[in-house]
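Worksheet for the structure shown next.
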């Protein structure tokens, strides 16, 4: 802005001085021409054809020089003037309507022909005019205009700085607030509404940035909670098996070590699954697996007494194969909390069914336990929330994070999980995990 203003002011100043100088030069030429014409009126042609002054011109009193030259160029009348000016005036003898200028003495000269009654040129009248006042006026105007331009430019710079500082004051305030909120209150927002200028656009950008920061922080907190939840049971089992092995006979230690090895492998699998889930949220590209095969492995795993809690875990209706756009390990980790939930709250059995459709595959996990109330079917997917059946002393274990993890894994994979109503009151819990079929990712 300052550069543009400087160029405009410089152009205006230069233009003003050029126009003024041209106007002053025209005025000087007009004045010297007028004085030469006035002097010509005071010149008469004698009988011998020689011009002569019949009266001194009034301009002579004002320091205006008048020369009268005869037909042969001889000087008949001359004023007091420097030799250079005298020489220039003599060079105009015999000319008509001619200008000459002495830059050294700031003098303008103009010549007019003296003619007799027949129109024959019999002499020349030359008038001189000092252009020093005009030059002085032009110089003063140049200095004044440059000074004025500098003052205007300085004023523009100061006003611009004030306006920019005033305009950026909200930006600086917003920056400070956004920095403070990012450190102490990620839920605070500017909430400026639909952007309509630069400030509201910046506010929207800050809000978007804070949303991403808050989402990242919540994801990290959620992942920490999920890791803690998922690792608690295997770690507790490892500790218990180690304590039993330390206090038991030598023959039983091999079995305890084998169970510790299995739990350690389970820990590694859980960690890998959580890392897969984190990568799935960042990179949506996915591979696929056979959902029926993964369900079969999961049901077989939870059919073991230490996981089934005495419940009969079986596969219900299922096609021969059903491809889903989810990695096998990730699908297994989604099924684990659903099967664990069924084994915990079911009375006698847990049934897993697979329904393959054109665009998605539905995996239903149903148990014959107490089920859920209408308002619990959505809340059970919130971290830390457990159903009313968990209040019974029979089902006190669990932190309420497994179903929340299932939903996050499903959504990261392009699917969804939901709790649905049983066919009749008291018909048990029923969860449907919907995932995109291969070819419809």
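Residue numbers (our numbering): 13 to 453. Here a beta-carbon is modelled for each residue, glycine too, at the ideal position from N, C-alpha and C. Source: prediction; values computed, not measured.
Of all C-beta pairs linking the region 111 to 122 to the region 173 to 186, fewer than three are shorter than 8 angstroms, placing the two stretches out of contact.
Runs of beta strand (DSSP E) with 3 or more residues, each lying fully within the region 30 to 57, are found at 55 to 57, listed in chain order.
Around the beta carbon of residue 20, a 10 Å sphere encloses fewer than 16 other beta carbons of the protein chains shown; the residue is thus reported as exposed.
Contact between the region 46 to 54 and the region 128 to 139 is present: three or more C-beta pairs spanning the two stretches fall below 8 angstroms. The beta carbons of residue 431 and residue 392 sit closer together than 8 angstroms.
Per DSSP, residue 129 is not a residue of any beta strand (DSSP E), being assigned neither H nor E. Inclusion of residue 243 and residue 310 in the CB contact set at 8 angstroms is not warranted, their separation being larger than that value. Between residue 414 and residue 349, the beta carbon gap of about 3 angstroms places them in contact (Cβ cut-off 8 angstroms). Under the three-state reduction of DSSP, residue 379 is assigned to strand.
Taking a C-beta distance under 8 angstroms as the contact criterion, residue 442 and residue 376 qualify as a contact pair. The way I'd put it, the region 92 to 101 doesn't touch the region 22 to 42; fewer than three beta-carbon pairs between them come closer than 8 angstroms. Per DSSP, the beta bridge partners of residue 302 are 335. Bridge partners of residue 442 according to DSSP: 378. In its chain, beyond the 5 residues on either side, 418, 421, 422, 445 have a beta carbon closer than 7 angstroms to the beta carbon of residue 346.
In this structure, residue 157 lies near residue 29, with their beta-carbon atoms less than 8 angstroms apart. For the 8 angstroms CB-CB criterion, residue 45 and residue 56 do not form a contact.
When the alpha-carbon of residue 358 is set against those of 390, 339, 322, the nearest one is in 322. If you check the CB distance, residue 150 and residue 33 come in under 8 angstroms. Look at residue 94 here: in three-state DSSP terms it is coil, with no helix or strand label.
Contact between residue 303 and residue 343 holds: their C-beta atoms lie close to 7 angstroms from each other, under 8 angstroms. A straight-line Cα-Cα distance of about 26 angstroms links residue 92 and residue 133. Within its own chain, the residues whose Cβ lies closer than 6 angstroms to the Cβ of residue 334, once the five positions on either side in sequence are excluded, are 303, 304, 366, 368, 373, listed in chain order. Taking C-beta atoms as the reference points, residue 381 and residue 315 fail to come closer than 8 angstroms. If you ignore the 5 residues before and after residue 147, its C-beta comes within less than 7 angstroms of the C-beta of 118, all in its own chain and listed in chain order. Linking residue 387 to residue 433 through their CA atoms gives a straight-line distance of about 11 angstroms.
In this structure, DSSP gives residue 88 an extended state, which the three-state scheme calls strand. Here residue 250 is buried, its C-beta having at least 16 other C-beta atoms within 10 Å. Fully contained in the region 115 to 198 are the following alpha helix (DSSP H) runs of length 4 or more, in chain order: 144 to 196. In the displayed model, residue 359 falls within coil according to three-state DSSP, outside both helix and strand.
Within the same chain, Cβ atoms closer than 6 angstroms to the Cβ of residue 168 are found at 17, the five residues on either side in sequence being excluded. With respect to the C-alpha of residue 123, the residue from 362, 161, 232, 81 having the closest C-alpha is 81. Here the alpha carbons of residue 165 and residue 152 stand approximately 20 angstroms from one another.
Considering only 60, 78, 31, 61, the residue with the shortest C-alpha distance to residue 53 is 78.
Going by beta carbons, residue 338 and residue 362 fall outside the 8 angstroms limit. The Cβ neighbour count for residue 121, taken over all protein chains shown within 10 Å, is at least 16; the residue is labelled buried.
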